[in-house]
Every structure is written in C-alpha cells, then in structure tokens.
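Residue numbers (the working numbering), protein chains in the order written: chain A, 1 to 411; chain B, 412 to 500. Here's the structure we're looking at; comments come further down.
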C-alpha cells in the first residue's frame, strides 16, 4: 500500500542566499546572484561567458577533521545543507542510524577541483608527489562523494542513491527518495544535490555556444529565460537538501510538515543527448500528473527548467502548454541564480516551498519582452501575492533525461 | 636525527596534521583516536618528507602493523638507521 510522503525540513546554499530569510528577500526584491566569473588560472581566461551564479558569502563550516579528510568542496556544500536539515528536523539519533533513513544525493561529477589536482600530479612528472595520489583523493573526488560523506558524518546506514544525471541529478534524488519512502523501503530519505564552482563545466556549455555572453558587463541582466533577448544559460553553484518522511511517522513525532510530495516522473527522450525533446518532456509532465492522480488544471504553479537557451525555452513552453494549457502560472527561478547544475532541482523545489509558505510567487527576473514563441503560457513578470496549493517543478538534462515533481502545500 | 627529534616530529605531525593533541605513546591509535587507513597513508607521506627520501613498497607494507605512537617512532628510527641518518643521543 503506497504511503504518503512529506517534506519536513530543507536547506539550501544558493547564489541568492543561504537562509530562508535571505533567499526570500532576494526573490521578493528581484536580487540576482549572477556575478562576474571568478578567475581560476585555468579556463576562465578562455571562456567567452564571463558570468557565474556565485556563492559569494562565507559559510561557517564546523566539521571535525575526521569528516573533512574525505571531503572536497562539493562535499562541504552537501554536508552543510544536510547538517542544517537534520538540525531543523530533530530526528531521534537512534532512528538516524537505524537503517530506516537513507540518502539520495548527487552531483554532476564529484569534485572537479580534486580531480584536477590528481591529474596535475599525474601529468606533472613530479615523482615525489606520486604517493599523494591515493584513496583519499578518490574519496574526495568520486561521483558519490556527496552522498557518502553525508552517511559517514551522520552514521546513516540505510539506502544510498547517488544519481548523477547532470541537471536532473537532485530532482531524481528527491523523486527516487520519494519512491523509496512511498513504497516502504525506507521511512525517511535525505535528498538533494550539490555542485561546486568549476570552469570546466562552464567550458562545456561555452564550447556548445549555449552560454550567455552578451551581458558580461551587466551580469545581473542574465540569464533571461523566455525573454526575446535571452542569449543562453549561466552556470552556477550551490547545494540543496530536503528531508522526506513517511507521513504517519512524521505526524506521530510531531514534525513540522512543509509540504507533501504527491507525484514524480522521470523518462528519457530515447535519442539526441543534447536537444530537448517536446514529446519526451510532454510525456514526463503527463506521467507526473498521473502519478499524482491530478488533472492538469489542479496545478497552480510550474517552476520551469528554463535555462534561457534559444530553443530549450521554446520547446519547454510548448510542452507546458500542451499539457497544462494556460492554467498554471509559470516561473523560471534560474533567472535569479543561473543554472546550479546538479542541484537545480533541489534548490528550485526549496524556493518553491518558501514561496508556498510565504504566499507569493516571485516573477521571472529579466523577463521584459516575452518571446512570442513562448507566449502561450502564463508568465509571471511581477511579484504576486498568491496562495500556492500545488506546484510542479520540472528539470531536463543532457542525455535526454526529464523529470517532473509535484508538491502540495500541507494544510 | 636522534630519537628525541623523531618523537618531537611525530607528535608535531599528529598535532598539526591530524589534530590529535597529546596522544599517549602507547595509545591504540585506531581505537582511541579514530586513526584510520586514510590517516596512515598521509602519515607515510609526512614521514617521507621528514626523512627526505621515499619509502620503498616493502617499507610501506611494514607500516601496516603500526598501532601506537611508540611503534611509529620505532619504525622511523629503523628507517633512519637504514638511511644512515640516525644518531644516538
């Protein structure tokens, strides 16, 4: 018998803030987290896009060496948001280590910073450094470093799901975590994603001519999802984590419930690994509504993936209209902070939770003139006070992976 | 190097690199201080730096029996003697 799954805590490190207060303030006042791309003595001088969704405030990490020694920058982000979620949630320590709590957490490719250090030693020919390449470098850099540094820090012995599907990484984390709790494999799951500052990621999109390059002198004016002047995506960094719990378990322990996860779908386009696919995206939206047992017109708000690429936004608008018509309001949260890669699904879910709690919908930033090819859906261009009951968060990734999540305000 | 210098350096490494202050010479490092295989590899790198020479693969394997600070100091003393850099005193 499927069980109900609720969200009982969340935390995010984003280019527009860390605390809920700071993030809500940025959304309400239209503050962008896109800043000039930091120099890195590596690729930044060659990259044409000189903007980045930057986490530019200090974070007071307080990790003992026993944990730090296996952590690269991406794991620091992951463990910090996990720590904040667990501090908020107040789960019993026996439960945390019981095997009934699992972790679904990922990143694009582990820690590129540490990987570069390994390759520098490998190719550098300095024999004396060779011995330094070893288990600890692999542990810091491996693809599942975020998930298992969390399990290590908190003694978690349940399932580990470490999705690494580029932009759908953390939305899959939440979705698969939801399914693990819904179908009884776990009673709670810590779900999310993280990605660190890395110019190799920017270079990938830059070389595909997919990055924004026309606003290098005015970073706050990009990205511009759905806008006629959009010129590509902006890469960003950050982390986001949510705690999912089985509803009765949460209710009995008196947990504060933020929302309920009522639907998830994930599919693949079965073809091109880069171009978004109208049929694939449309189908995943439909499957998610089916999973939630909802008609399309029950959804109040769609948080679109909307990376501000020329064709991606058009195809997504067509898909949203095909299923939802012009019923829900549609926003593009990447307009505030760029594309935070693996963590975008988790961060965009958390920002939606904040808007749900505070009763407003933030407008899509930099949406001054809607591209007429995206004009058939209901864009939000000004802050509105609105009670959001049901919201859908959708994300799509290289490799043709599509996800849709539906959350419902808990009342 | 003398035995006293070896002990001083090993305790410095433990204090600064491993954040383990004042370990007992005969403390079981794993049980008392959570010293694990990752730390052991990092310790060998630090010992190489101290000796100014690389450890051979068999020498590294010998280190796997180490359990205490005293064992580490005995191990480094043996390596120093082999490299003809140890002095009594």
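Every residue, glycine too, gets a C-beta built ideally from N, C-alpha and C. Just so you know, these numbers come straight off a predicted model, no measurement behind them.
Can you check which of these residues, the options, is closest to residue i by C-alpha distance?
i, options, result
"residue 345 of chain A", "A/145, A/383, A/302", "A/302"
"residue 380 of chain A", "A/201, A/327, A/98", "A/327"
"residue 464 of chain B", "B/495, B/425, B/500", "B/495"
"residue 427 of chain B", "B/457, B/437, B/498, B/443", "B/457"
"residue 171 of chain A", "A/29, A/388, A/69, A/263", "A/263"
"residue 242 of chain A", "A/360, A/24, A/349", "A/349"
"residue 233 of chain A", "A/288, A/356, A/212, A/119", "A/212"
"residue 41 of chain A", "A/410, A/106, A/200", "A/200"
"residue 272 of chain A", "A/207, A/402, A/50", "A/402"
"residue 287 of chain A", "A/309, A/307, A/323", "A/323"
"residue 447 of chain B", "B/460, B/413, B/425", "B/425"
"residue 277 of chain A", "A/159, A/219, A/294, A/318", "A/318"
"residue 336 of chain A", "A/82, A/222, A/214, A/149", "A/222"
"residue 450 of chain B", "A/290, A/139, A/112", "A/139"
"residue 50 of chain A", "A/214, A/5, A/12, A/100", "A/214"
"residue 267 of chain A", "A/245, A/367, A/405", "A/405"
"residue 207 of chain A", "A/410, A/389, A/43, A/12", "A/43"
"residue 16 of chain A", "A/410, A/111, A/34", "A/34"
"residue 75 of chain A", "A/22, A/120, A/106, A/388", "A/106"
"residue 39 of chain A", "A/54, A/31, A/32", "A/54"
"residue 338 of chain A", "A/112, A/182, A/32", "A/32"
"residue 161 of chain A", "A/191, A/137, A/155", "A/191"
"residue 477 of chain B", "B/430, B/436, B/467", "B/436"
Can you check whether the CB of residue j is closer than 8 Å to the CB of residue i?
i, j, result
"residue 52 of chain A", "residue 236 of chain A", "yes"
"residue 26 of chain A", "residue 104 of chain A", "no"
"residue 226 of chain A", "residue 371 of chain A", "yes"
"residue 102 of chain A", "residue 189 of chain A", "yes"
"residue 260 of chain A", "residue 407 of chain A", "yes"
"residue 203 of chain A", "residue 47 of chain A", "yes"
"residue 440 of chain B", "residue 498 of chain B", "no"
"residue 70 of chain A", "residue 152 of chain A", "yes"
"residue 394 of chain A", "residue 361 of chain A", "no"
"residue 73 of chain A", "residue 196 of chain A", "yes"
"residue 180 of chain A", "residue 8 of chain A", "no"
"residue 392 of chain B", "residue 491 of chain B", "Limits of chain B in this structure are 412 at one end and 500 at the other, which puts residue 392 of chain B out of reach."
"residue 78 of chain A", "residue 146 of chain A", "yes"
"residue 230 of chain A", "residue 308 of chain A", "yes"
"residue 239 of chain A", "residue 81 of chain A", "yes"
"residue 347 of chain A", "residue 14 of chain A", "yes"
"residue 165 of chain A", "residue 97 of chain A", "no"
"residue 178 of chain A", "residue 258 of chain A", "no"
"residue 484 of chain B", "residue 418 of chain B", "yes"
"residue 413 of chain A", "residue 173 of chain A", "The question about residue 413 of chain A has no answer here: the residues shown for chain A are numbered 1 through 411."
"residue 392 of chain A", "residue 193 of chain A", "no"
"residue 332 of chain A", "residue 284 of chain A", "no"
"residue 390 of chain A", "residue 300 of chain A", "yes"
"residue 24 of chain A", "residue 358 of chain A", "yes"
"residue 414 of chain B", "residue 470 of chain B", "no"
"residue 409 of chain A", "residue 356 of chain A", "yes"
"residue 186 of chain A", "residue 253 of chain A", "no"
How would you call residue i, buried or exposed, if buried means at least 16 neighbouring beta carbons within 10 angstroms?
i, result
"residue 415 of chain A", "Since the first residue shown for chain A is 1 and the last is 411, residue 415 of chain A is missing from the structure and cannot be characterised."
"residue 269 of chain A", "buried"
"residue 275 of chain A", "exposed"
"residue 29 of chain A", "exposed"
"residue 109 of chain A", "buried"
"residue 198 of chain A", "buried"
"residue 142 of chain A", "buried"
"residue 357 of chain B", "Since the displayed chain B opens at 412 and closes at 500, residue 357 of chain B lies outside it and no answer follows."
"residue 423 of chain B", "exposed"
"residue 92 of chain A", "exposed"
"residue 64 of chain A", "exposed"
"residue 325 of chain A", "exposed"
"residue 246 of chain A", "buried"
"residue 384 of chain A", "exposed"
"residue 293 of chain A", "exposed"
Any heavy atom of the ligand HEM closer than 7 Å to the CB of residue i?
i, result
"residue 94 of chain A", "The ligand HEM is not part of the structure shown, which contains no ligands of any sort."
I'd like to confirm the pairing. Which residues does DSSP put opposite residue i in its beta bridges?
i, result
"residue 95 of chain A", "Answer is none; residue 95 of chain A lacks a bridge partner."
"residue 402 of chain A", "A/267, A/396"
"residue 412 of chain A", "What the structure shows of chain A is the stretch from 1 to 411, and residue 412 of chain A is not part of that stretch, so it cannot be assessed."
"residue 36 of chain A", "A/51"
"residue 17 of chain A", "A/14"
"residue 378 of chain A", "A/329"
"residue 102 of chain A", "A/189"
"residue 360 of chain A", "A/385"
"residue 390 of chain A", "A/408"
Start-end ranges of the alpha helix (DSSP H) lying completely within the segment 318-352 of chain A, minimum 4 residues: Those alpha helix (DSSP H) runs which fall completely within the segment 318-352 of chain A and span 4+ residues are 334-337.
Residue ranges of each beta strand (DSSP E) within the segment 222-287 of chain A, 3 or longer: 238-246, 259-268
Those runs of the alpha helix (DSSP H) which lie wholly inside the segment 178-227 of chain A and span at least 4 residues: 199-207
Any beta strand (DSSP E) of 3 or more consecutive residues that is wholly inside the segment 43-88 of chain A: 51-53
Complete runs of the beta strand (DSSP E) confined to the segment 433-492 of chain B [at least 3 residues]: none
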